[in-house]
Each structure stands twice: as structure tokens, then as C-alpha cells.
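Notes to accompany the following structure.
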Amino acid sequence: MDRLARIRILEPEDETSLSPMERRVRRILSICYRLALAIFITAHIFDFLFSSVWMHGYIWSLNLPIDLDMSDKSAGAIVYHQLEQVGQIERLILMTGKVLAIALVMMFCGFASGKPQTIWNLFRLSMCIGGLGGLLRPMQLKQRMFSSLHEGFYCFVITFSIGAILAVRSMERLPRSVGVVEAKAAVDERSEEVSSDREENNNNTAKEEMKDE
Numbered sequence: 084m085d086r087l088a089r090i091r092i093l094e095p096e097d098e099t100s101l102s103p104m105e106r107r108v109r110r111i112l113s114i115c116y117r118l119a120l121a122i123f124i125t126a127h128i129f130d131f132l133f134s135s136v137w138m139h140g141y142i143w144s145l146n147l148p149i150d151l152d153m154s155d156k157s158a159g160a161i162v163y164h165q166l167e168q169v170g171q172i173e174r175l176i177l178m179t180g181k182v183l184a185i186a187l188v189m190m191f192c193g194f195a196s197g198k199p200q201t202i203w204n205l206f207r208l209s210m211c212i213g214g215l216g217g218l219l220r221p222m223q224l225k226q227r228m229f230s231s232l233h234e235g236f237y238c239f240v241i242t243f244s245i246g247a248i249l250a251v252r253s254m255e256r257l258p259r260s261v262g263v264v265e266a267k268a269a270v271d272e273r274s275e276e277v278s279s280d281r282e283e284n285n286n287n288t289a290k291e292e293m294k295d296e
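Quick note: the sequence shown, position 129, residue 212 per this note's numbering, numbers continuous.
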């Protein structure tokens, strides 16, 4: 399984053979791809957690502090009303702002300092932001406990998801793993040679003892 996990479609390139311009372009393309993927995932998480099509989103919509009574409305009518208030373009801008804000928070917390960070550090940061969001949201809009837990969980999920997309790197390159495998193979060959030498020595001593007898 370890060997299967290290399979790559293309052979890894030697970074010393790349020009500084090509490295810069690849880094920019990688950052743009990660940002686009983070915005896409954030938008879908928002639709899943706050759409009234789902039961948790429907209950959250009913608990909103608005003048319009939604208790006798269907889920489709609530979704249509929400889209009238906030369109898709505004949602896209909002998701982009969330991704950039979380990226800035991660940079401030040391994820861009070059020091190695663990997924546990990202989890703790997400828990702190989720708890802070769950406390501040009801104070802002005077919502109920369900809305506080719902939006706190949303803050935790998007922080952890965006952080993982932006910060997680793939495992080590193949040459290092190949070197480890070759080193292990060399050790195995050496141990086999030592064992064969011991067997030969034992056979020789046995023959000498038989001759002496």
C-alpha cells in the first residue's frame, strides 16, 4: 500500500533544471488553482448548510430575525426569497472574501512563515474561529442557540477546509523515497551476505571437526 500511495503519473522533475521564471509561474498557477478550489468548496458548503432545502438550513431560515413570517412557506419559496435578497454574484464575492480572510488569518498565525505546521495546528485554529464565530453571531443579531451552533460549526468547517486546501502539501518526492528503498535493499543484501558467510563458516568448521575425528 505504501508503494501504491507513492505512484505518480509523471516522473518528478529536478528543481535545479527549472529556470527562476518557470518556478515563479508554476507557483502563481498553483496558488490560483488552490484559491479557485477553495472558493468552489466554500460556496458548496454554504449552499449545503444554509439552503432551506435541507432540514438544518430550513430551521436556520425560520430562526432568522426578519419581519417576514416563513413558518408557512415551503423550502422552495424560502430559497427563492433568499436569492432575491442576495444573488449569485454577491455570494461569489462573499465566498472570495471569506477565502482571502482565512488566508490572511493563517498567514498571521504562522502558516506562511516557512516553519513546518501540522494538521493539528490547523484543527485548533479552526476550533478557535468556530467558537468565536458561534459567540459573536448571536450577540450581533440576537439569534437563538441553534443559529449560534449552526454558524459556529460553519465557521469551523470552512476554516478547516480552506486551510487544508491552501496549506496542505503532497508527500515527499520520489527520489527521496527511492533512496530509502534502495538503502533498505542494500541493508537486506548485506544481511544476506553476512548470513551466507556465517553458514559457510559453520560448514567449514563442521568439516574440519569431522576430519579431526
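Each residue gets a CB set at the ideal place from its N, CA and C atoms; glycine is no exception.
query, result
"Excluding the 5 residues flanking C192 on each side, which residues of the same chain have their C-beta closer than 7 Å to its C-beta?", "L208"
"Does the region 113-127 come into contact with the region 239-249, if we say contact requires no fewer than three beta-carbon pairs (one atom in each stretch) closer than 8 Å?", "yes"
"Between the C-alpha atoms of L183 and M104, what's the straight-line distance to the nearest angstrom?", "25 Å"
"With the cut-off set at 7 Å, would you say I185 and I245 are in Cβ contact?", "yes"
"Name the residue from F206, F129, M210, W203 whose alpha carbon lies nearest to the alpha carbon of Q171.", "F129"
"Quick one: using the 10 Å Cβ neighbour count with 16 as the cut-off for buried, is F123 buried or exposed?", "exposed"
"Do A126 and M189 come within 7 Å of each other at the CB atom, strictly closer than that value?", "no"
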